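Residue numbering for the sequence shown follows this note's numbering, beginning at 1269 and increasing consecutively.
Idealized CB from N, CA, C, for every residue including glycine.
Treat the numbers as computed from the prediction; the structure is a model and nothing was measured.
Following: one structure in structure tokens, then a few remarks.
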Amino acid sequence: MIIDKLENWKYYHFGPAWKQIFEFLDTLSPHSPEGKYTILGDDIFAIVMSYETRAPEVSVFESHQTYVDIQTVLIGSEGFECSFKDDLLIDVPYDASNDIQLYQRTVPGQTRIDIYPGTFVMLYPHDAHMAALIIDKKSEYTKKVVVKIKTELLLTSCFAYKLQCP
């Protein structure tokens, strides 16, 4: 997992597609329409969505195998609880068609992070996360973007199989 400010993206060296992702994020605003945005075909895309944040008691942990997530908010804020997926009990087996596995919320004391406009969290396949959580015990309208990056792209140098490395 990586948690940082959007402006610090350049300190991570994931190659030219990494730059393309953050240049795309820089084009978004609170007025960006909800929906799917293609960045590099099915290999890298983004989804802009909105919702009211909710209590952890009505949320579940999830993880993904095919895609790594980069999540940031455009309006509002949201909390996350994060854990290593191997520390949790599987509630719903992995669904490859939706790239999701769900877990029971069995142990307290998971890592808690909050993100606001200008910050991001990057979640890997070994990271289970519970997103869209309330901050300071109150629900709020949140508009966010989730960038999905095929995991295999991060396993190849500079996303080399799709883009030329400098």
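Residue i: first and last residue of the uninterrupted alpha helix (DSSP H) it sits in
i	result
Leu1293	1284-1295
Leu1421	1419-1422
With 16 other Cβ atoms within 10 Å as the buried cut-off, status of residue i
i	result
Phe1352	exposed
His1397	buried
Ile1312	buried
Asp1395	buried
Asp1337	buried
Val1326	exposed
Gln1372	exposed
Val1360	exposed
Ile1383	buried
Leu1435	Beyond the ends of the chain as shown, which are 1269 and 1434, falls residue 1435; an answer cannot be given.
Ala1323	exposed
Gly1309	exposed
Glu1291	exposed
Thr1374	exposed
Glu1222	For the chain, the structure presents residues 1269 to 1434; residue 1222 sits outside this window and is missing.
Tyr1279	exposed
Residue nearest to residue i in terms of C-alpha spacing, selected from the options
i	options	result
Met1269	Thr1306, His1332, Asp1367, Lys1411	His1332
Gly1303	Phe1290, Phe1388, Asp1310, Met1317	Met1317
Lys1411	Pro1385, Phe1290, Phe1282, Ile1368	Pro1385
Pro1298	Asp1354, Phe1348, Ala1400, Val1341	Val1341
Ser1380	Tyr1392, Ala1400, Trp1277	The question names Ser, yet the displayed sequence has Arg at residue 1380. Of the listed residues, the one whose Cα sits closest to Arg1380 is Ala1400.
Ile1307	Leu1296, Tyr1362, Glu1320, Gln1288	Gln1288
Ile1368	Lys1406, Pro1393, Leu1293	Pro1393
Val1414	Tyr1279, Tyr1305, Trp1277	Tyr1305
Leu1296	Ile1417, Ala1314, Glu1420	Ala1314
Met1390	Leu1422, Tyr1409, Asp1355, Pro1301	Leu1422
Element boundaries [beta strand (DSSP E), containing residue i]
i	result
Arg1373	No beta strand (DSSP E) holds Arg1373; DSSP gives it neither H nor E.
Ala1323	Run containing Ala1323: none; DSSP gives neither H nor E here.
Lys1304	1303-1308
His1397	1395-1401
Asp1272	1270-1273
heavy atom of the ligand MN below 7 angstroms from residue i C-beta
i	result
Thr1419	Annotation note on the ligand MN: not contained in the displayed structure, which lists no ligands.
Sheet register partners of residue i (DSSP bridge)
i	result
Tyr1409	Glu1320
Lys1416	Phe1313, Asp1337
Any beta strand (DSSP E) of 3 or more consecutive residues that is wholly inside the segment 1332-1389: 1335-1343, 1346-1352, 1358-1363, 1368-1371, 1379-1383
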